[in-house]
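Visitor: Under the UniProt record's numbering, the first residue of the sequence shown carries the number 1, and numbering increases by one thereafter. The beta carbon of each residue, even a glycine, is placed where N, CA and C say it ideally should be. Please read through the structure below; I'll follow up with questions.
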Amino acid sequence: TLIQELIAKIYTPLVVGQAWEMLDPASTKEIEEEEEEEKKREEKKEEEEKK
1 TLIQELIAKI YTPLVVGQAW EMLDPASTKE IEEEEEEEKK REEKKEEEEK K
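Here it is, written out as structure tokens:
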């Protein structure tokens, strides 16, 4: 959205992330889910390398 673009141009990443959560909570939830899946994949890969 235009608001998100303007916030991204003016503010720091921390503020941008917090604003995104308020403006579009669904998208931040999707990002969190993707990060969790990636973390699980990395942990599984590390376990396989130890074997």
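Given a cut-off of 7 Å on the beta-carbon distance, is the pair residue 7 and residue 26 in contact?
Guide: Here residue 7 corresponds to residue number 7 of the sequence shown, with the count starting at 1. Here residue 26 corresponds to residue number 26 of the sequence shown, with the count starting at 1. No, these two residues do not count as a Cβ contact at 7 Å.
Visitor: What residue ranges within the UniProt region "Disordered" (25–51) form continuous alpha helix (DSSP H) runs of no fewer than 4 residues, ordered along the chain?
Guide: Listed in chain order, they are 25–50.
Visitor: Out of 23, 37 and 32, which has the shortest C-alpha to C-alpha gap to residue 2?
Guide: Taking the first residue of the sequence shown as 1, we reach residue 2 at position 2. Of the listed residues, the one whose Cα sits closest to residue 2 is 23.
Visitor: Can you give the Cα-Cα distance for residue 44 and residue 31, rounded to whole angstroms?
Guide: Position 44 of the sequence shown, counted from the first residue, corresponds to residue 44. Position 31 of the sequence shown, counted from the first residue, corresponds to residue 31. Whole-angstrom Cα-Cα distance: 20 Å.
Visitor: Quick one: Cα of residue 49 to Cα of residue 10, how far?
Guide: For this step, residue 49 is matched to residue 49 along the sequence shown. For this step, residue 10 is matched to residue 10 along the sequence shown. Rounded to whole angstroms, residue 49 to residue 10 spans 44 Å at the Cα level.
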